[in-house]
Structure formats: structure tokens, C-alpha cells
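As C-alpha cells, the structure follows; a few thoughts come after it.
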Amino acid sequence: MSSEIISQTMRTDRLPHIWCPGCGHGILMRAIAVAIEDLKLDKDKVCIVSGIGCSSRASGYMDFNTLHTTHGRALAFATGVKFANPDLHVIVVTGDGDASAIGGNHLIHACRRNIDITTIVFNNNIYGMTGGQFSPTTPKGDRGTTAPFGNIDKAFDICSLAKGAGATYVARSTAYHANKMIEYIKTGINHKGFSLIEGISSCPTYYGRKNKKGGAVDLLNHLKDTFVDIKVKDKLSPEKLENKMFMGEFHHSVEPEYTAEYDKIIELFSTGGEE
Amino acid sequence: MKKELRLSGSGGQGLILAGIILAEAAINQGLNAIQSQSYGPEARGGASKAEVIIGDEEIFFPKVRKPNILLALSQKAFDQYIHDLDSKSIIVVDESIQTNDKIEVDMIYKLPILKTASEKIGKSMVANIVALGVLTQLIPELEKQSVLDAILQRVPQGTESLNTTAFEEGIQLIKL
Amino acid sequence: MKKNIKLLQGNEACVHGAIYAGMNFFAGYPITPSTEIAEVSSELLPKNKGKFIQMEDEIAGMATTIGAAVAGAKAMTATSGPGFSLKQENIGYACITEIPCVIVNVQRHGPSTGLPTSPGQGDYMQAKWGTHGDHPVIALSPTTVREVFELTVKAFNFSEKYRTPVILLMDEVVGHLREKIEIPEAGELEIVPRKLPKVAPSEYKAYEFTEDLVPPMANFGTGYRYNITGLVHDETGFPTNSTKEAAKLLDRLMAKINNNLDDILIYEEGFAQEAETLFIAFGGIVRSVKEAVATLREQGYNVGYFAPKTVWPFPEQRMQEISKNKKNIFVAEMNLGQMIEPVKLAVEDKNIVKGVNKANGEIISPEEIIESFMEVVKCPVK
Amino acid sequence: MDKKLVIKPEWCKGCGICVAFCPKKVLGLENGKIAILDGDSCIKCGQCELRCPDYAIYLKEV
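Going line by line, the protein sequences match chains A, B, C and D. Start counting the first sequence at 1; every next residue gets the next number (the UniProt record's numbering). Start counting the second sequence at 1; every next residue gets the next number (the UniProt record's numbering). Start counting the third sequence at 1; every next residue gets the next number (the UniProt record's numbering). Start counting the fourth sequence at 1; every next residue gets the next number (the UniProt record's numbering).
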């Protein structure tokens, strides 16, 4: 037997999943499952769309309508699903490379449209599936198999990117802060508009090893020590903020949602017949 | 019966719309018609041509090769398309265009199409509709009323009387 | 009843045909010379309670079309050469996941940006081989505005019937041509609905081996929670690394089309069986060929034509049958020689097959076709 | 309602996260798989279930 949550939301015959020992993705996938279960969504009305990469294998394990698509394009597929059937709760699971490199254009435009899709980015700062190449979120100076001398690219802040592009709910948590992750996903699903929740994951196999940051436990402890809630930022001294990164809810606003706006056009202009 | 027409000028003069109206008038009368165009990448100002073929049988090849009638509203268009004509062709040009006396065609009509639109009617954009009045006179197979009906179908709402006047003025420009 | 006769542009007729076939979703990105299809869709779809979305790029246009089809829509996208190249990966996705949708490619001159406003037929091979891997392709190519309407309806029907993306391979000649069309009455043309599952969700296998090799498709949100993936999958829809399953899947994908060629292959011919010389063309060039054939026959030459409307799969068997007594076969296309390849494959004596090619952005004229014929028969026009 | 710690060793990949984050040192690895070493000390805090990436340990309501 597996836990109630897991047997309710996962295709347990597909488990164990393919992720490496200690991979943070499993923790983040559970957070999505718990959020859906807590919200008591109708399982038949939940659609999980993913792209390609380690993160994107999540869709196959989750017992909903699942669409595992092409690299970078999950949001474009999801836009089709949601726009064609706005009754569905559409949740996109994507990775840092999938969302912000090959799929960067779709990400900013999905944000801009404010279509009611909840996007969960499993950010492990590396291309795991292809063996550890640096990604758009690999910190400057860190190593990957294609950055053997240290990465000179500046890293994307996916949350700032999403906020700047027009997403109306933006939050970040980590695989260590799993309860916060669950809370933000629930808020995101309930939010009428485009929501993005970045979950900082951990990749012991490639990122941790390549950058000498230790194994699964060390990486989780690193998340615990590094990430500070944005709410307490102003209360901490500059010394305490040294080398810290921020998590929490960065943006939450109410703006017209895409499918609802289009429904208004149909209501105003549909004639029932051609012309 | 098969009649090939080429309506040429510069982009933005509404010649494609004029071509569509002629073709539509023809099919409303039960004839066959096809309309095609070629254009450059510019939205406005480049050379533009619209072609119409009207016939009572099926029309296969859609492009005009030897126009029965060439309408040219710009010098560039006139110079470019004059070579495709033969002794049976009819040319309709705006009076502002320099024509060569040696051209061997059936007839050249040099008419104040642009001036009629801009001065007499006061809207230079209706030059295409003035031209349609002229062309209707030169195509006996087309009924005046069916061309006018097609014009009124295609022009923006509220401009019906303006365009009707332009069409009538075009008819007046040519006395056969 | 008053006949609904209109002057319509090919691109406009495509949208009217699509709506007639039940299209209720369009996603795309503007590109010349297909743009009118997006423009007319953006107006007619909401009027008909359908949906139109302009995406951020061509790739997204294809992805969103597939996503909508998964959610139950009859979805279409339209593009031209460069955009068709960009869509290829997701077209392959729709092939292996068996998602019905229609992709219109109004071909223009190429490669690359080429002559954007001028016609070409250089995407014939790309329609078949554009995406990586082996997969079946149905591509239809209309010649007249009426045919644009009818073949758009057929494209939707084939996509639903065989659960496959269908390509409507138009060209600028037909896309921008305005012509008289009698719009079919409702019910006049057959409309094929999606084959939905009849079993309970617990019994449903998304990629089951049915007798007709086309598994019923459950729309997302209807109680059948299943998995769709571009990875090789077994009958349940879940990924597998089994070489046996991979072979089984690809064989089925090919067979579901190849077993139904009688239904899928559409072509037009004139004097094709008896003629000494045969002209072959598709799309806009068929118009030139038909005029050339009419002119040559008036002059006493025994010529005919064969015009595939289903350009993929190529009607190989019919080509073979009519090629037996031929002295010459001319393949006229606005490219440097693409459809000539499957023609040669079908014809026993390859030496009689000659190309009439033009790839300068201009339509091949009937005179040019007649000229090629005269060069070969070495006989002046009477 | 009481809770009981349940393990599912066949899903365990032996990453050691649950062992490290258990505040009462209840857990350990045996042959690379999750094992309950000292069940009596368990305070049912659920840290192991929250953090296990492989769903190989959970609290069951009994």
C-alpha cells in the first residue's frame, strides 16, 4: 500500500518514478498532489501538461488527464487545452531549461495573456535528462558538463521574468520548504489567471556532484540555509542577508483572465450561424 | 466569350477591390469570373496590379496574358504593362500619364479619372470607383446595375452615396 | 432553393470549408501568403461560438492546435513555407500521439524567406518528410476555390477518421485566387465525427489495437484519465523502451493509412488512360495543365492529364496503370523537381518522365507546358 | 485518531533524506533501503513523509 494521498493522486503502478535517489522532483510532485487533494478538485477535470526533461516526466505518474508534450512547448499545448475547455484545471509541470530556454517565448506570452493556467517550474539549475549541462538558471560560476571552466552566463530569475511578463500570481518555494510549496500551489490553482510557482529542486547526481555541493541531504540543507522568506527581508541585517536568496509570494493581482475575456467576445458577436 | 482585364496602378489605389467588384458583378450575372493579383512586399506605394478574367466557360489558367483592357493609373504601371498588348487591346489611362503615340492598340482612352475623384467628388480614394464606371462602359457583357450592386456590397457602410456618385461620374467620362 | 454562389478567395474558402466541417478552434501565427486564413477565422469563429487565438510563434500555433484537439476541439492552423518548417516537430508529435488536426500550408517560393508574396510548390517533399522519424502523412492539394472548400472538409474528415494530422497543401496561386464558388448546403457533404470510446473509463486503452487500427479517442475532461506522450508508448499510452512495442506502434501507424488507400486517394484525370502523352501536376499548376491539354487536343495531339488531389500518399498504383502505354510523361511543378520522384518510382520506363519546372515565383503558363511538349515531340505547332 | 509509520522499501532508493531529517532518529537504511530502527521513539511529526522523494514512507491513520 501507499499513502492515501499517493494512491488517490498517482498511478501507483507506474511508481517508483525514474528520478535519481534524492532528487527533489519527487518532493515537488507530491506537493502538487497534496494541493490538488486538499482542494478536492474533480480528478476528471484536472489536466497536467508537461514538456521534456526530468521534471516533465511528472505527468505520466499523476492520475489525471496527462499530456507529455515536446521540449519547451508545454505552455503552448496547455493554452490549447485550457482555451478549448476552460472548465479544466490546467497545471503545467516544466523544468528550468524547458520553461526558460527552449520554452522562454511561450512562458512570457502565457504570462502576458493571463490565461488561467498554473505553472510549476521544477528548477534544479541544470539539464539533468541530458547529463548535466548548464541551464539558464545555473548560477554564474557554477559548473556543468558544457561549462567545464565555470558558467559565464548570467542566470535568469524565473519569478522576476514571469512577473515582468504579466503573470498575476508568482511565488517561489523549495523542495526543502515543501509545506510552503503546497500552500503556494493551492493559491495558484485557486487564482483566476496565470500563476507561476517556482520550486527550487535539487539534483544530487549532476548539479551537486559537479559543483561539489554534496549529496541529497546536503542539497536540501543548503536550500534550508539559503532561502529566506521575502517577508522578513527588511527585518534582517545586511550580514544575515549575505549569500541569501528569496522565496515567498512575490506578486498577486487580479486582472482580466484570457478565456473569460474571449467568452465576452463570443457573447457579444456570436450570431449562431455563419456571417 | 472571354475577357481579360488588367487594372494597374500603385498600391493603395484600391485596384484589387475594383477587380473584386468586377468579378463579383460578373458572377452575379451568372457568368464565370476569376480575380487574382500580384503585389510586392510593400503595403502602400509599390506597383500593384489586379487581374480579372470574365467568361462564359470554365476558366483554367488564372493569369492575364493579353489584356483586352488595360487600366493604368500610374506612369510606372503604364510603362510596365504596355508591352503585353496587341492591336485589339483597349487602354484606359489617367490623363496625367504620358503615352507613346506609336502604340498600336485598338483604342486609347485618356481620361481625368484621378482629377474627377479628387476635385469633382472631393475624395481621391474613390478613383477606383470612377475607373469602374469607365470600365463598365467598355465591357458590354456587364450590366451597369450589377456593377453598382457589387460596389455597394463591398464599400464601407455610410459611403454608399459617395461611391454611387463616383461610379456615375466614371460613366459620364466616357461616351461611346 | 436559392443557390449560395459567392466570389471567394481560396484562403477564405478554406475557412468556410473548415467551419462547414465543424472547426471550432484555430491557433496560428501571421505569415504571407496564408494570413487571410487567420484573419477570416478570427472573425468567423467567435461568430460561430468557436475560438481563435493568435500565438507567439509558429511552433506555438501548432502546439495549441493539438492541445485544443486533445480537449475535444476540431482544430486547425495555417501557415506558409517558413512556418511549416517550424511546425514540423509538433506535426510529428501529432502523428505519434494520433491527435486529429488540420495544418494548412499555403506554399510560397523558397527556400528560407524566398519570395514571400509569390507562389511555389517547394514544400511537397517536406510535407512527407519534414518531421523526423517514420510516420504516415495525408496531404491534400486543391486546384480550384471550390476544391479548397471540399478538400478542407475532407482534411477534417480524414484527420478524425484516421486520427492523424492532415496537411492541406495549398499554394499561393489558389490561396489568393478569387473564383466563383457554390457553397454546399448543410448536409450536402459528409462530416465525419470523432470516434469516441464506448467502453467504461476503467476499460479504456487509449492506444488499443482495434480491428481498423484506429483506436477510439477520449477527449480530456470526459472522465477518461489517460496519458498522451510523444515517447513510444504501448496500448495503455504509457512510455515503453520495448523494441517490440516500438515496431508494433510504427507498423500500426503506417498500416492504418495504407490499408485505406481506396478511401484516401483522390485524383482527377482527363484522357489519362488513352493518351500517348500524359501531363501530371498538383495544386495551382493543374489549371495550366488543363488549359494546355485542351489546346493541344484541339490541335489534334493525343494528350491527357493526371492530377492527384491526395498528393501524399501518392496514388502510385493508378499512376502505374495509366503509365503503361505512354510515350511521354511530363510532371509540371513550381519547384525544381519533387513530385517527379514518386512518379518515376511508379513508372516502369523512367526515361519517358520529364520535368517542367519553374522556381522563380511565377506560375507555369500553359504555353510553357506546350513548349516543353513540342521540344520533345519535335514538331512545330500546327 | 492514531497514526502509524508505514514503509514501502520497494519504492525506496536509499537517498537517506528521511533518516537525516527525522528529529528522533527513528529511521535508518538496511541494505540501502528504508528501515524503522526505533519505532517507539516516533513522534508522528510527518517530516519523513513530507520529504521522501519516492513516497516510500508515510503515516497511516489507524
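Where is the CB? At the ideal position from N, CA and C, for every residue including glycine.
Following the continuous beta strand (DSSP E) through residue i, name the residue where it begins and the one where it ends.
i	result
A:P139	It is not in any beta strand (DSSP E) - A:P139 carries neither H nor E in the DSSP assignment.
residue 395 of chain C	There is simply no residue 395 of chain C to check, as chain C begins at 1 and stops at 382 in what is shown.
B:A72	I69 to A72
D:N31	Neither: D:N31 is in no beta strand (DSSP E) and is coded neither H nor E.
C:K51	K51 to Q54
B:S118	Counting along the chain, B:S118 falls outside any beta strand (DSSP E), and DSSP gives it neither H nor E.
C:F220	First-last for C:F220: undefined, no H or E at that position.
C:G28	F25 to G28
Can you give the beta carbon distance from residue i to residue j, rounded, assuming they're within the 8 Å contact cut?
i	j	result
B:K120	B:A77	So it is not a contact: roughly 23 Å between Cβ atoms.
A:N211	A:D157	No, A:N211 and A:D157 are not in contact; Cβ-Cβ is about 19 Å, not under 8 Å.
C:S80	C:Q121	At roughly 12 Å, the Cβ-Cβ gap does not stay under 8 Å, so C:S80 and C:Q121 are not in contact.
D:G32	D:G14	4 Å
D:D38	A:P16	Contact flag wrong, Cβ pair sits at about 26 Å.
A:M10	A:Y61	5 Å
C:E98	C:R194	So it is not a contact: roughly 11 Å between Cβ atoms.
A:I185	A:I32	6 Å
B:V147	B:I21	7 Å
C:N157	C:V104	Not confirmed; about 15 Å, so no contact.
C:Y267	C:A307	6 Å
A:V92	A:L75	6 Å
A:I120	A:G199	6 Å
C:M170	C:V148	7 Å
Spatial neighbours of residue i within its chain, please: CB distance less than 6 Å, with the 5 preceding and 5 following residues excluded, ordered by chain position.
i	result
A:R113	Y258
A:N65	C47
C:Y226	A206 and G237
A:A162	C111, V170 and L196
B:E51	R6, S36 and V64
B:T116	V130 and E169
B:L73	G9, Q13 and D94
residue 190 of chain B	In the structure as shown, chain B begins at 1 and stops at 176. Residue 190 of chain B is therefore absent and cannot be evaluated.
C:E276	N302 and K327
C:G114	none
B:I59	N32, I34 and I53
B:L142	A25 and T136
Beta-carbon within less than 7 Å of residue i's beta-carbon, same chain only, minus the 5 sequence neighbours each way: which residues are those?
i	result
residue 383 of chain C	Given that chain C is displayed from residue 1 to residue 382, the structure contains no residue 383 of chain C and the question cannot be resolved.
C:M1	Note that C:M1 scores a pLDDT of 46, beneath 50, so its modelled location is shaky; the value from the coordinates is reported in the next line. Within the same chain, C:M1 has no close Cβ partners at all.
C:V232	P239, T240, E245, A246 and L249
residue 350 of chain A	Within the shown structure, residues of chain A are numbered from 1 to 275, placing residue 350 of chain A beyond reach of any answer.
C:S159	P100, C101, V102, P165 and V166
D:E61	M1 and K3
From the DSSP secondary-structure annotation, give me the bridge partner or partners of residue i.
i	result
C:W312	C:A139
A:Y127	A:Q133
C:R178	B:Q35 and C:Q9
A:S55	Looking at the DSSP assignment, A:S55 forms no beta bridge with any residue, so it has no partner.
A:C47	A:N65 and A:V90
A:H106	A:H106 pairs with nothing; no bridge assigned.
A:H252	A:Y169
B:R6	B:E51 and B:L70
For the alpha helix (DSSP H) holding residue i, just list the boundary residues, first then last.
i	result
B:L17	L15 to N28
B:V126	From DSSP, B:V126 is part of no alpha helix (DSSP H); its letter is neither H nor E.
C:V148	V145 to Y162
B:K144	K144 to R154
B:D94	No alpha helix (DSSP H) holds B:D94; the beta strand (DSSP E) holding it covers I90 to D94.
B:Y109	Where B:Y109 is concerned, there is no enclosing alpha helix (DSSP H), although the beta strand (DSSP E) it sits in stretches over M107 to L111.
C:T277	It is not in any alpha helix (DSSP H) - C:T277 instead sits in the beta strand (DSSP E) that spans T277 to I280.
C:A294	I285 to E298
By Cβ distance below 8 Å, which residues in the same chain neighbour residue i in space, the five residues on each side in sequence not counted?
i	result
C:N90	I59, M62, A63 and I66
B:M125	G14 and A117
C:K51	N24, F25, F26, L45, A68 and A73
A:V228	L236, L241, K244, M245, F246 and M247
In chain order, each beta strand (DSSP E) run of at least 3 residues that lies wholly inside the region 159 to 233 of chain A = 169 to 174, 195 to 200 and 227 to 229
Length at least 4, wholly inside the region 312 to 352 of chain C: the alpha helix (DSSP H) runs in chain order = 316 to 323 and 340 to 346
Scan the region 72 to 141 of chain C and note each continuous beta strand (DSSP E) run of 3 residues or more that stays entirely inside, going in chain order.
-> 75 to 79, 101 to 107 and 138 to 140
Minimum length 3: unbroken beta strand (DSSP E) runs contained in the UniProt domain "4Fe-4S ferredoxin-type" (33 to 62) of chain D = Assignment of beta strand (DSSP E) within the UniProt domain "4Fe-4S ferredoxin-type" (33 to 62) of chain D, counting only whole runs of 3 or more residues, yields 33 to 36 and 57 to 61 in chain order.
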